[in-house]
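Note sheet for the following structure.
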Amino acid sequence: QSVVRVVFHDRRLQYSEQQQLEGWRWSRPGDRILDIDIPLSVGILEPQIHPTLLNTVEFLWDPSRRTSIFVQVHCISTEFTLRKNGGEKGVPFRIQIDTFGAGGKGDPPEHLHSASCLIKVFKPKGADRKQKTDREKVEKQPALEREKFQPAYENTVLAEVG
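Following UniProt numbering, the numbering of the sequence shown begins with 1 at its first residue and continues without gaps.
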């Protein structure tokens, strides 16, 4: 079983995560922060979406078969900034996946692995503008500095959580 969550990357917002999520729920009744895109996902068994956990989805999968999950994030990074007058930087999120093995009778499931990646979510127009300005900043860097940046990929490889 794997549990996918969208969480705050900044420690400051992690401390007030429940209040932040409650504020989001109040301003967007009936909406969810995270969903599984079932038609695009492969090998996902028994997807579960809990009505009260807006930022969490769960699913079962067979590790001997090819599996991939596509998720939809329904909030943007600027929804959690203090100022709302345009041009906000936006807060970074983390997509975190925790995987558990089946526990024995009455035993809790065994934690097997955790991985995460940093994301920022923008509206399409804002995302295009951000990518352009980020690309221009990188191109202005000396060649040695540019080597520190990871190239863009179509798929995201998650890093293990230490």
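No residue lacks a Cβ here, since even glycine has one placed at the ideal position from N, Cα and C.
Residue 143 is bridged by DSSP to nothing; it lacks a bridge partner. DSSP places residue 41 in the coil class of the three-state scheme, outside both helix and strand. Residue 80 has its alpha-carbon roughly 10 Å from the corresponding atom of residue 89. By the Cβ-count criterion, residue 34 is buried, with 16 or more other Cβ atoms from all chains shown falling within 10 Å of its own Cβ.
Taking C-beta separations shorter than 6 Å and ignoring five residues to either side along the sequence, the partners of residue 14 in its chain run 8, following chain order. DSSP, reduced to helix, strand and coil, places residue 135 within a helical segment of the structure shown. The three-state reading of DSSP puts residue 18 in helix, counting H, G and I together. Just so you know, the alpha carbons of residue 56 and residue 108 end up roughly 19 Å apart. The C-alpha of residue 143 lies about 30 Å from the C-alpha of residue 10. Taken through DSSP and simplified to helix, strand or coil, residue 56 comes out as strand.
When the five nearest sequence neighbours on each side are left out, the beta carbons in the same chain lying within less than 6 Å of the beta carbon of residue 37 are those of 70 and 72, in order along the chain.
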